[in-house]
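Per this note's numbering, the very first residue in the sequence shown carries number -9; after that it's consecutive. All C-beta atoms in this analysis are idealised placements derived from N, C-alpha and C, irrespective of residue type, glycine included.
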Amino acid sequence: MSIQRGGFSSRLGFILAAAGSAVGLGNIWKFPFEVGQGGGAAFVVMYLVFCFVLCFPVLVAEIAIGRKTQLNPVGAFKALGYKNWAIVGYLGLASGVLILSFYNVVAAWAFGYFVEILMGHFDIGQRFSEFTKDWITVGSYSVLFMIGTAFVVSRGVSGGIERAAKILMPTLFVMIIALILYALTLPNAMDGIRFYLVPDFSQITGKVVYSALGQAFFSLSLGMGALITYGSYVSKKDNIVTAAASITLLDVGVATLAGFMIFPFVFSQGIETDGGPGLIFVTLPGIFESLGATLGVIVGALFFLLLSFAAFTSTISLLEVPTAYMVDEKKMKRKKATWIVAIFIFLVGIPSMLSVGAVDGLTHFVTLAGAGEKNFMDFIGLIASDTFLPLGGFMIAVFTAYVWKKENFNLEMANGDENHRRSWLQSYVDFAIGYICPVLLGSIFIVTVLDNFLGIKILTMLFG
Ligand code: PFF
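Dropping the structure here:
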């Protein structure tokens, strides 16, 4: 198979690569701190409901569009005959470029922490803000991370992306289980588990609802065409409905497991759970230190290596989207496309890198009516992941159900077999994509925009 476009060599390879895209910093870094800020188990419940009810059907739709057309997100809408809808593809490309631009910086922190802990520097947690401010160090790690990502993507789908996922995903799984078993032995571990599992529904506010939705989309890599792109490499014979179900389960499973690891760690030290983006970076090194020099280095380095691996399979998919666009639409060779796009995105990410302490104007970038003060990196996150992804998901659902039409979507789900008997999962997807997804995604999108940018708290106004 040609390296330019290529394809996954097996169904398992596809599932692991897509799950690799889904499982990332979103699960291990973002999910726990969102749970911490969003009131614990109540957030977890919302997140789980959104993943299965709203995101799973969109996941199937993305894969179906990709597999039907065998093209990148922009080309896919054009190939189905709807040129104007290519705008959804362009929105996806923009989201992908913006997300990777800051994601790579956080990935660089994770990898930097791995190196620091390996050298026994447990005080790195107290020096978190100095670390993120030090743009030369962070910049060097992020160059390394981007080079690694581009190296894999340039080797193509089966030889690069699929191979990396087949090694990294099982390793990640083993590491996470080992760390949970250890975390559960710590003092006060059970308080952490209680915070995580026993919901207090009075904690649910408008912000918790849309943060949970944003998190579900981000975590499943949805709404920007990453799964259209990966879907375009899937065999016409694979069952995409059950593949999407496996991907959702794996992603939700790892996020859930990450909570079982982080909250016992956090509660064992009596630390507040609402530490925000710094939660794991500030709190964990001290916890590892308390294990003593040798064990601390082993467990701590293992943790940050795990975080780096998880991030790596996601940066690969983020880079693959614009690369596939250049290969398909601009007829560029894969190697050349990969490196050009990687350099471009790295440059786009520089202001984000400088916005966590290094440059004052970027650190105190804007103050939004609802969302408050944001640094440049968080501002880009708010636009690309919290706003564009649900918008993209909404448009993909509307497109699939009402423009491309359900008959065609169902035929693709049935691998082109008109006499196929629908499974209950397929029937659910068919129903949800036309009604539940557009209505809920559309309304939550409006609430997010009004709340964050204009400070209009609709849900509070409606429900008190
Ligand atoms: N799903 C990734 C995570 O949870 O870390 C982030 C991500 C990857 C978002 C790829 C979007 C994407 F296309």
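Of all residues, those with a beta-carbon under 6 Å from at least one heavy atom of ligand 1 are 11, 12, 14, 15, 16, 17, 86, 89, 208, 209, 211, 214, 216, 304, 307, 308, reported in chain order. With a threshold of 16 other beta carbon atoms within 10 Å, residue 205 meets it and is buried. For a cut-off of 8 Å, the C-beta gap from residue 195 to residue 450 is around 7 Å, short enough to register as a contact. Around the beta carbon of residue 357, fewer than 16 other beta carbons lie within 10 angstroms, which makes this residue exposed.
Taken atom to atom, the span from the alpha-carbon of residue 92 to that of residue 340 is near 8 Å. Within the model, the alpha-carbon separation for residue 395 versus residue 403 is close to 13 Å. When DSSP assignments are scanned along the stretch -2 to 73, the uninterrupted stretches of alpha helix (DSSP H) that are 4 or more residues long and fall wholly within it turn out to be 1 to 12, 21 to 27, 31 to 39, 46 to 59, 63 to 69. Using a Cβ distance threshold of 8 Å, residue 363 and residue 64 do not count as a contacting pair. In the three-state reduction of the DSSP assignment, residue 325 falls in the helix class, which pools H, G and I. Looking at the DSSP output, residue 123 sits in no beta bridge, so it has no partner there. With respect to residue 12, residue 148 sits apart: the two C-beta atoms are not nearer than 8 Å. As a beta-bridge residue in DSSP terms, residue 356 pairs with 364.
Counting along the chain, the unbroken alpha helix (DSSP H) around residue 219 starts and ends at 216 to 221. When DSSP states are grouped into helix, strand and coil, residue 116 belongs to the coil group. Counting only unbroken stretches of 3 or more residues, no beta strand (DSSP E) element lies wholly within the stretch 174 to 249. Pairwise C-beta distances place the stretch 267 to 275 out of contact with the stretch 41 to 48, as fewer than three of them are shorter than 8 Å. Exclusion of the five residues before and after residue 248 leaves 17, 18, 21, 22, 166 as the residues of its chain whose Cβ lies within less than 8 Å of its Cβ.
Annotated three-state conformation of residue 153 is helix, per DSSP. A Cβ-Cβ distance of about 14 Å is found for the pair residue 314 and residue 140, leaving them out of contact under the 8 Å criterion.
When 383, 392, 428, 377 are compared, the shortest CA-CA separation from residue 438 is found for 377. Shown here, residue 279 sits in a helix according to DSSP, grouped into three states. Beyond the five residues adjoining it in sequence on each side, residue 27 comes within less than 7 Å, by CB distance, of 264, 266 in the same chain, given in chain order.
Around the beta carbon of residue 116, fewer than 16 other beta carbons sit within 10 angstroms, so the residue counts as exposed.
Residue 87: member of the alpha helix (DSSP H) spanning 76 to 108, first to last residue.
Bounds of the alpha helix (DSSP H) holding residue 382 are 379 to 388. Residue state for residue 404 is assigned as coil, using DSSP reduced to three classes.
The three-state reading of DSSP puts residue 434 in helix, counting H, G and I together. A distance below 7 Å between beta-carbons, with the five flanking residues on each side excluded, links residue 382 to the following residues of its chain, in chain order: 78, 81, 82, 85, 213, 214.
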